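Counting from -19, one number per residue, gives the positions in the sequence shown under our numbering.
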Amino acid sequence: MNTAILAQKIKKVIAGPKKITKLIEKLADQIIKKQPLLEKVVLIGIQTGGAPLANRLKKFIFEKTGVDLPVGYLDITLYRDDWTRITNYPEVKRTEIPFSIEDKIVVLVDDVIYTGRTVRAAMDALIDIGRPKKIELAVLVDRGGRDFPIEPTYKVFTVKNIGFNEYVSVYFSETHGKDQIVLEVYE
């Protein structure tokens, strides 16, 4: 579906800045609890929504443990299975992973998981970069509706019963000027 020609409307604000901060802190706590050796963990945010989320997770984890996790950013545009359907000229963002992922526990970070296609593309891109010991997934919002058998290792918010023309969007102040999770509808 080409949503560029459809009207996008906010149907409902699900979470504002305070709730988002609490959710991100809870996500950081889940990672800390499951990872006894944080020194082997790296965070890689999937562009665009995963990048600011990865930075915020890094901050919370450092404040709670004193461990300064490396953070990288991964663009998966050319690894998507639908990019030729979306546009003839994809907007490719930067992949910045200034450290080795060899034998590391890579926590892929994204704002929302839906079909699993983005995560599949991210794993393909990561394998082209190196061979991590393990890949895990941290998401702020799980909206269900998978096309692939991919589930997050860490998640803090689930939205259920979403219509075919409804979408969950996460806006961060770093990229959109405000923090909010919204349910949007395309008409």
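Idealized CB from N, CA, C, for every residue including glycine. Computed from a prediction, not measured in an experiment: that's the story for all the values here.
For residue i, collect the residues of the same chain with a Cβ closer than 8 Å to its Cβ; drop the 5 residues on either side in sequence, then sort them by chain order.
i	result
Ile12	Leu18, Ile41, Lys44, Thr45
Thr76	Thr is not the amino acid found at residue 76; the sequence shown has Glu there. These residues qualify, in order along the chain: Gly52, Tyr53.
Val139	Ile(-6), Val121, Asp122, Arg123, Gly124, Val148, Leu163
Determine the DSSP secondary structure at residue i, reduced to helix, strand or coil.
i	result
Gly25	strand
Glu116	strand
Gln10	helix
Lys140	coil
Lys(-9)	strand
Leu54	strand
Can you tell which of the options has its C-alpha closest to the C-alpha of residue i?
i	options	result
Lys39	Lys140, Asp108, Ile107, Glu5	Glu5
Arg168	Gly125, Gln10, Lys(-8), Leu37	Any answer about residue 168 is impossible in this case: the structure gives the chain only from -19 up to 167.
Arg36	Glu164, Tyr166, Asp159	Asp159
Phe152	Ala34, Gln15, Ile24	Ala34
Ala101	His156, Leu58, Lys14	Leu58
Phe128	Met103, Lys140, Leu49, Val148	Met103
Val148	Tyr94, Val99, Arg111	Tyr94
Asn141	Leu106, Glu154, Arg123	Arg123
Gly110	Ile130, Val136, Gly(-4), Pro78	Pro78
Looking only at its chain, what residues have a beta carbon closer than 7 Å to the beta carbon of residue i, apart from the 5 residues adjacent to it on each side?
i	result
Val150	Gly29, Asp91, Val92, Leu120, Val121, Ile161
Val47	Leu18, Glu19, Ile41
Gly157	none
Ser80	Gly110
Give me the Cβ distance between residue i and residue j, rounded to the nearest whole Å; I'm assuming they're in contact under 8 Å.
i	j	result
Leu49	Val21	6 Å
Point to revise | Validate contact between the region 83 to 90 and the region 109 to 119 using beta carbons, cut 8 Å, 3 pairs | key: In the pairwise beta carbon analysis, the region 83 to 90 is classified as touching the region 109 to 119: at least three pairs are separated by under 8 Å.
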